[in-house]
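S.K.: My questions all concern the structure below.
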Amino acid sequence: MEKRNEVLELSFEFALQIINYSELLEERRKYVIARQLLKAGTSIGANIREAQSCESRADFIHKLKISHKEAEETDYWLLLCEKAEKYPNPNIEMKAMLLSIQKLLTKIISTSKKLKS
Numbered sequence: 001m002e003k004r005n006e007v008l009e010l011s012f013e014f015a016l017q018i019i020n021y022s023e024l025l026e027e028r029r030k031y032v033i034a035r036q037l038l039k040a041g042t043s044i045g046a047n048i049r050e051a052q053s054c055e056s057r058a059d060f061i062h063k064l065k066i067s068h069k070e071a072e073e074t075d076y077w078l079l080l081c082e083k084a085e086k087y088p089n090p091n092i093e094m095k096a097m098l099l100s101i102q103k104l105l106t107k108i109i110s111t112s113k114k115l116k117s
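One point on numbering: in UniProt numbering, the residue at position 89 of the sequence shown is 89, and numbering is uninterrupted.
In structure tokens, the structure reads:
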């Protein structure tokens with residue numbers, strides 16, 4: 001039986017939500033933010049997935065750090081949308097998912113670094 005990979009699953013579901021939200025932004029002609037958000041938000045899961053077939057523990061940690069940086073960038077774009085007038089607010093579930101992903105990434109990176117030393 002294959003072990004469940006929570007961060008991989010959550011980041012995939014999050015990417016789907018980011019795609020939907022980006023499309024909503026594009027419908028409202030908010031193209032620049034939509035594109036930035038789409039790139040950063042879907043990159044989180046792509047880097048987590050890439051880390052699954054890394055060549056070393058250092059490579060694994062590096063990929064997850066990139067993913068964590070993309071999560072921070074995504075959080076920034078979502079906050080801008082939340083605070084900017086005439087932008088549709090991101091849903092609470094999406095923000096909660098991002099926070100969960102960030103916490104999981106922090107924990108995995110920290111644990112991986114301890115195992116490395």
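Glycine residues also receive a C-beta, built at the ideal position from the N, C-alpha and C atoms.
Note that the structure is a prediction, hence the values are computed from the model and not measured.
Ser-53 and Ala-34 - do their beta-carbons sit closer together than 7 Å?
M.R.: For Ala-34 and Ser-53, no; Cβs fall outside 7 Å.
S.K.: Between the beta-carbon of Ser-67 and the beta-carbon of Asn-47, is there less than 7 Å?
M.R.: For Ser-67 and Asn-47, yes; Cβs fall inside 7 Å.
S.K.: Return the CA-CA distance between Tyr-31 and Leu-25, expressed in angstroms with no decimal places.
M.R.: Using only the alpha carbons, I get a separation of about 7 Å.
S.K.: Can you give the beta carbon distance from Ile-109 to Lys-63, rounded, assuming they're within the 8 Å contact cut?
M.R.: Incorrect: roughly 10 Å between the Cβ atoms, too far for contact.
S.K.: Between Glu-27 and Glu-13, what straight-line distance do the alpha-carbon atoms span, to the nearest angstrom?
M.R.: C-alpha separation (whole angstroms): 22 Å.
S.K.: In the DSSP assignment, find the alpha helix (DSSP H) that holds Tyr-87 and state where it starts and stops.
M.R.: No alpha helix (DSSP H) contains Tyr-87, which DSSP labels as neither H nor E.
S.K.: Using the Cβ count rule (16 or more neighbours within 10 Å means buried), how would you classify Ser-56?
M.R.: So Ser-56 ends up on the exposed side.
S.K.: Between which residues of its own chain and Leu-16 is the CB-CB distance below 8 Å, once the five residues before and five after are set aside?
M.R.: Cβ neighbours of Leu-16 beyond the five flanking positions: none.
S.K.: Do you know offhand how far Ile-44's Cα is from Thr-111's?
M.R.: About 19 Å.
S.K.: Could you work out which residue in Ile-101, Lys-95, Glu-9 is closest to Leu-79 when comparing CA atoms only?
M.R.: Residue Lys-95 is the option with its Cα nearest to Leu-79.
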